[in-house]
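Student: Residue numbers (the numbering used here): 8 to 97.
Have a look at this one.
Okay, here's the thing in structure tokens:
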């Protein structure tokens, strides 16, 4: 039961990353149009592209945090093994 709950929670987080990134992408595009004093929905395809790109970037940013932590853990483990080999009598 616990793995199923963890899997659902992970899927929910992935969905939230995409939703948050999409909202950011849309907001940035609307803000850019407002700053240029053009209609907000001037080119609807720009909004779709920015929403997709924003969702992807936020999702990948969260994924990169996990990857970076795994790399740090692997480096620490390698340092620990090297220290143990150096302290081992010959």
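Using N, Cα and C, we set each Cβ at its ideal position, and we do this for glycine too.
What does the alpha-carbon distance come out to for the pair residue 93 and residue 22?
Tutor: Walking along the chain shown from the start, residue 93 turns up at place 86. Walking along the chain shown from the start, residue 22 turns up at place 15. Each residue's Cα considered, the two are about 47 Å apart.
Student: Assign residue 71 to one of two classes, buried (16 or more other C-beta atoms within 10 Å of its C-beta) or exposed (fewer than that).
Tutor: Mapped onto the chain shown, residue 71 falls at position 64. Exposed.
Student: Return helix, strand or coil for residue 48, following the three-state DSSP convention.
Tutor: Along the chain shown, one-based indexing puts residue 48 at 41. It is coil, neither helix nor strand.
Student: Assign residue 65 to buried or exposed, taking buried as 16 or more other Cβ atoms, counted over all protein chains shown, within 10 Å of its Cβ.
Tutor: Indexing the chain shown from 1 puts residue 65 at position 58. Looking at its Cβ environment, which holds 16 or more other Cβ atoms inside 10 Å, residue 65 is buried.
Student: Closer than 6 Å by C-beta to residue 31: which residues in its own chain qualify, once you throw out the five before and the five after it? Chain order, please.
Tutor: For the purposes of this step, residue 31 is taken as residue 24 along the chain shown, with counting starting at 1. Cβ neighbours of residue 31 beyond the five flanking positions: 61.
Student: By Cβ distance, which residues of its chain are closer than 8 Å to residue 37, with the 5 residues on each side in sequence left out?
Tutor: As a working mapping, residue 37 is identified with position 30 in the chain shown. Here the set comprises 47 and 54.
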